[in-house]
Amino acid sequence: MTKVFKGRPVIAGKLESCEAVVTKNGMNTLASFQKSVLEGKKDVICSDQNNPDLYNKKINDVALCLPQSIGSTTGGMVLYTASALNVAPKAMLFPHTIDSLAAAGVILADVWTDNSIVTVDNLGDEFLDYVKDGMKITIDTDGTVTVES
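Note that the sequence shown ends on residue 149 in the numbering used here; no numbers are left out.
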């Protein structure tokens, strides 16, 4: 089954068949990335025990579907650093307007690294209700997000 959502490209890009990882909770970027990044891991395993949707799941090289990022103001720098180290998500997808912490991180990554994080917001309430872990996500540069089960 395939469903198409139309959002606003924050960091436009084309992405083909990326695995979805979904949280209905806000994602604390520092708590999620810190352990793997400090240990120099090539795969980032979410270390935020307060997010049961993401805890112990791989969160790099995926389409991260989330309502917002939360936590300290270092959140944007964490996303930028993950991108600079080539361990960031391939995409971040938001049902509503992107929050300022995530926006700062994806913009810094886009400007200062070669590893942009394709980011689309305003996908609508139904987006997070529909998408599930493991579904395949395709993103077009105009903000069209296709979800396949």
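All C-beta atoms in this analysis are idealised placements derived from N, C-alpha and C, irrespective of residue type, glycine included. The structure presented is a predicted model; accordingly, all values stated were derived computationally and were not measured.
7 Å Cβ shell around residue i - same chain, five flanking residues per side excluded
{"i": "residue 95", "result": "67, 123, 124, 125, 127 and 128"}
{"i": "residue 143", "result": "6, 7, 8, 9 and 120"}
C-beta atoms of residue i and residue j nearer than 7 Å
{"i": "residue 60", "j": "residue 87", "result": "yes"}
{"i": "residue 78", "j": "residue 29", "result": "yes"}
{"i": "residue 40", "j": "residue 121", "result": "no"}
{"i": "residue 89", "j": "residue 62", "result": "yes"}
Of the residues the options, the one placed nearest residue i, counting alpha carbons only
{"i": "residue 48", "options": "112, 62 and 23", "result": "23"}
{"i": "residue 134", "options": "109, 4, 121 and 20", "result": "20"}
{"i": "residue 9", "options": "106, 31, 1 and 30", "result": "106"}
{"i": "residue 108", "options": "82, 5 and 27", "result": "82"}
{"i": "residue 27", "options": "43, 113, 17 and 51", "result": "51"}
{"i": "residue 32", "options": "74, 93, 1 and 2", "result": "74"}
{"i": "residue 42", "options": "72, 85, 65 and 98", "result": "85"}
{"i": "residue 93", "options": "2, 1 and 65", "result": "65"}
{"i": "residue 72", "options": "101, 130 and 1", "result": "101"}
Spatial neighbours of residue i in its chain, beta-carbon cut-off 8 Å, leaving aside the 5 residues before and after
{"i": "residue 14", "result": "118, 139, 140 and 141"}
{"i": "residue 45", "result": "35, 36, 56, 57, 58 and 59"}
{"i": "residue 53", "result": "22, 23, 24 and 25"}
{"i": "residue 132", "result": "20, 22 and 149"}
{"i": "residue 115", "result": "83, 84, 86, 88 and 109"}
Close-in-space but distant-in-sequence residues of the same chain around residue i (CB under 6 Å, 5 per side omitted)
{"i": "residue 12", "result": "141"}
{"i": "residue 104", "result": "76"}
{"i": "residue 4", "result": "146"}
{"i": "residue 70", "result": "26 and 28"}
{"i": "residue 136", "result": "17 and 148"}
{"i": "residue 99", "result": "68 and 69"}
Paired residues, beta bridge with residue i - DSSP
{"i": "residue 28", "result": "70"}
{"i": "residue 15", "result": "139"}
{"i": "residue 3", "result": "147"}
{"i": "residue 118", "result": "91"}
In the stretch 39-104, which residue ranges form an unbroken beta strand (DSSP E) of at least 3 residues, counting only runs that do not cross its ends? 63-65 and 91-93
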